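Asker: Just dropping this structure here.
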């Protein structure tokens, strides 16, 4: 409205006023609102940019970089950073930069796959337990308790040692991390579902005659989606840390495949005299996990209406 | 005239001695939000005198609670507060939190709406009251404890010395609210702010708590700010009234002025749309169209203009300030005698309204009948058919629902039984509305859920459209769901916030495998049926107001053309001005489609308006049932009498003259109900009975007996009594 209100035509009807009001975009969409609150959080924004850059590097790096991660440059063993090898080489004469980029992509893929699988299991188990209650709930809770008390690390290590091959080790690792990682999320999903299950729209859906699985998928899960997104993000960070830890100890990714964990393991033995082999993957790991967590925290604050990201008057 | 600066009630209250204790001048409160600045309060002024009660009335979002928080200095730092709040001449705005802490609790005390969360669960009641005393007074421990016990006695807690050692969870909601009031009184405050003090409570408990609040005020001589949306409570408890709309005071005056000669169309509409407990009413309620505006980015002009039937162009350009009213005498008989209108006018400085048409309204002494049109609603063709000749659509015989009371974490054993619904009989005939009333815990919701489950009841029978639900199999039960649908109470929770309106309404149709094309047609048909626009179909529930959301819920319930609608408190969560529209819609739909309603509500005034018959429940049993006017005019069971008498009527003169039957105590636990007549422990008549009569009440369970045409009650000695 460019005209001052004073000289607006006085014969405006209520409908005109209402139309003017609805044309005025006062209400924001839910996701746009979240985005706005998210971008107000400086750390989260830095994290998001960091992850994006790292993702771009893992996707396009192999094409751009002069070396591949498995290539051996004979005569260049344990060389410090130079024009030929930007981050130096390893004992076997492999390019540290190429290996770090490849390792990062492995770690990222494992992180994402594990997080997605475990969140899916958690949703299915948690929501089913809470929605049906009674025996179903007891059985699922029993499984959750069981998974929580078995020494996950040991089992993963044993299984990886006995059954993985260099080719499938990363897939197996992702699955194993997921199988032992879903329980906490499942507990949270269960408690949230218990709260939602008595909501009137869930009751209404039941009295319409909608089957249970549809009610869970259509009415319950979308309403806890903000938690699921946050959990998914944070789980990526945990899965990456889990993967690097196991790989570092030799129970994870098998050579010649490379992940950040195996690289750090390789570099740490020579860290005092040849620090570049260790520094590059370790730095990337720290940055990666910090970025993921910053995004997770930012999302949590942005999706939580009670947080202080609402600005000031 | 209209440009007179807002001066509040300054100098107006000749009855009060001395100066005002609390002066609020031109208070403005602004909050940040994603959509822009929220102007929660805009220019509120009032003076409060010791011993007086100022009622702040308004719908949700009108800024009444924010006002109280601003006075208490409890707003978050992100809010901007301008204007002036003076307590006995001392400016409160701008004080630091530390300075305010000394005033809060000692000179200004507050009673909150939710007594559940206002007390710390890990300390005893006595400890919490003594803490309040120690914070502001030098007192020995034993003295403080003594005073705490004394205060508990004052607010009517039985056996206060013992009860002071109890924890909050050992008290009922009403008792906790009494404790809150005791704490508020503890330091003899100058001002008590009561923010919706009875909204979360049952009507019988509300009557008790309001009485205690009055005691507290008399005892301390404090001034009170009573924040409420219930006009009945205002009529009975307010001395002055400020009506707020969209953060703005729109009318201010003595309680009689506001109720008998309202001068702002909003106030007039508000008073006109409330169904009355004391009047039998047929047909539609007058309706305030539209919804209160969002207080973000308000357009210029009067915020009420879009809803106002008397709107003139000026209203949209310029917002009127609160100004004095040139009033005709209130009584139309007196007005008729006035020969020359000009000389009959008097300048009433106490009564102010913010309206460009205030003068015209005053001149014509316009009432809501003159301003607000009464919408037309369909009348069912069934109306002419006598009740006996209509089909029975819902029939409950001896319905019982007991819950086992379990104890123990690992090995669970049954230690008792909660008789939530205990042998009730009900029937609903085609096209009629049965109202079901009672306090929370009386078993109304359980009854309703039992019907909706369409399962086999523990005992007794439920027949829907002549079919016993126990005989239904999985398939036929699903089929039956088409005929019986439900509308829930809470418009925020009743529709899935993550689904667009179209999908919400289409859901039942999809569940019954309608063709896509038919679904689309039906959804738009339903939208227009419930008064929504087809453009609303792709919006999400959060874009709608409470009333509109309730309409979405009604559209969903109607989708499959049901014959019976179960309405679980469908209007109780709505603002007063929105209620009438939804009530009219329900009446209209009933007329059009011959629907039968089971209408559960705790608001007896609404039930009187909508229901044909009413059933009163107490601890799982029906104590009185019958044609609605019979029951309201001649309540015979003492519980019904108490219930009706506890409802405040929005009419100050009636309220002042009314004799209230205030029930003692709370609802007994349904796990351990009294023997014989369940009501005898709270029955006002029981204590006056001789021993022979009392023995009968204790030993013999009363059964429903006829006490008039279509009127039954379950009391051995019930005598009809008009309590309106």
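Protein chains in written order, with the working numbering: chain A, 1 to 313; chain B, 1001 to 1724. Ideal Cβ positions, reconstructed from N, Cα and C, are used throughout, including at glycine. No experiment lies behind these values; they were computed from the predicted model shown.
1) Buried or exposed: residue 1718 of chain B, going by 16 or more other Cβ atoms within 10 Å of its Cβ?
2) Take residue 1571 of chain B as the anchor and find which of B:1489, B:1450, B:1240 has the nearest alpha-carbon.
3) Short of 8 Å in beta carbon distance, which residues of its chain neighbour residue 92 of chain A, apart from the five on each side in sequence? Order them along the chain.
4) Please state if the CB of residue 117 of chain A and the CB of residue 175 of chain A are separated by a distance shorter than 8 Å.
5) So, is residue 1090 of chain B buried or exposed, given that buried needs 16 or more other C-beta atoms within 10 angstroms?
6) Measure the CB-CB distance between residue 1250 of chain B and residue 1235 of chain B and report whether it falls below 8 Å.
7) Using a Cβ cut-off of 8 Å, pull out every chain A residue sitting near residue 1481 of chain B, in sequence order please.
8) If the cut is a Cβ gap below 7 Å, which residues of chain B does residue 201 of chain A touch?
9) Buried or exposed, going by whether 16 or more other CB atoms sit within 10 Å of the CB of residue 1641 of chain B?
10) How is the alpha helix (DSSP H) around residue 1609 of chain B delimited, first residue to last?
11) Nearest-angstrom Cα distance between residue 1530 of chain B and residue 1585 of chain B?
12) Are three or more beta carbon pairs between the stretch 1610-1620 of chain B and the stretch 1668-1675 of chain B nearer than 8 Å?
13) For the alpha helix (DSSP H) that residue 1269 of chain B lies in, which residues bound it at each end?
14) Let me make sure I understand the geometry here. Which of A:242, A:277, A:299, A:287 has the alpha-carbon closest to that of residue 86 of chain A?
15) Do you know offhand how far residue 1485 of chain B's Cα is from residue 1419 of chain B's?
16) Does residue 204 of chain A come within less than 8 Å of chain B when only Cβ atoms are used?
17) Helix, strand or coil: which one does DSSP assign to residue 1224 of chain B?
18) Taking the CB atoms as reference points, tell me whether residue 1569 of chain B and residue 1600 of chain B lie closer together than 8 Å.
19) DSSP has residue 1600 of chain B in a bridge; who is on the other side?
20) At a CB-CB cut-off below 7 Å, which residues of chain B make contact with residue 362 of chain A?
21) The alpha helix (DSSP H) with residue 104 of chain A in it runs from where to where?
22) I believe residue 1206 of chain B touches residue 1646 of chain B by the beta-carbon criterion, under 8 Å. Please report the beta-carbon distance rounded to the nearest angstrom.
23) If you follow the alpha helix (DSSP H) that residue 1651 of chain B is in, where does it begin and where does it stop?
24) Can you look up residue 1131 of chain B in the DSSP assignment and give me helix, strand or coil?
25) Taking all protein chains shown into account, do 16 or more other C-beta atoms lie within 10 angstroms of the C-beta of residue 1630 of chain B, making it buried, or fewer, making it exposed?
26) Residue 56 of chain A by DSSP, collapsed to three states: which one?
27) Using a Cβ-Cβ distance cut-off of 8 Å, determine whether residue 219 of chain A contacts chain B.
28) Quick one: Cα of residue 1389 of chain B to Cα of residue 1377 of chain B, how far?
29) Run the CB neighbour count on residue 1253 of chain B, radius 10 Å, all protein chains shown included, and call it buried at 16 or more, exposed below.
30) Which whole-angstrom value is the C-beta distance of residue 193 of chain A and residue 274 of chain A, which I expect to be below 8 Å?
31) Which runs of the alpha helix (DSSP H) at least 4 residues long sit entirely within the stretch 1472-1518 of chain B? Give them in chain order.
32) Cβ closer than 8 Å: which chain B residues qualify as neighbours of residue 41 of chain A?
33) Looking at C-alpha atoms only, which residue of B:1323, B:1297, B:1321, B:1288 is the closest neighbour of residue 1306 of chain B?
34) Taking the DSSP output, what are the residues bridged to residue 1104 of chain B?
35) Which residues does DSSP list as the beta-bridge partners of residue 1713 of chain B?
36) Per DSSP, which one or two residues make a beta bridge with residue 1462 of chain B?
Answerer: To lay it out plainly:
1) buried
2) B:1489
3) 72, 77
4) yes
5) exposed
6) no
7) 207, 208, 209
8) 1493, 1494, 1495, 1496
9) buried
10) 1604-1610
11) 7 Å
12) yes
13) 1265-1273
14) A:277
15) 26 Å
16) yes
17) strand
18) yes
19) B:1436, B:1568
20) In the structure as shown, chain A begins at 1 and stops at 313. Residue 362 of chain A is therefore absent and cannot be evaluated.
21) 96-132
22) 7 Å
23) Here residue 1651 of chain B belongs to no alpha helix (DSSP H), and DSSP marks it neither H nor E.
24) helix
25) buried
26) helix
27) yes
28) 24 Å
29) buried
30) Not a contact, Cβ separation roughly 53 Å.
31) 1474-1481, 1501-1511
32) By Cβ distance, chain B contributes nothing, its closest Cβ being about 14 Å from residue 41 of chain A, past 8 Å.
33) B:1288
34) B:1108
35) B:1624, B:1705
36) B:1396
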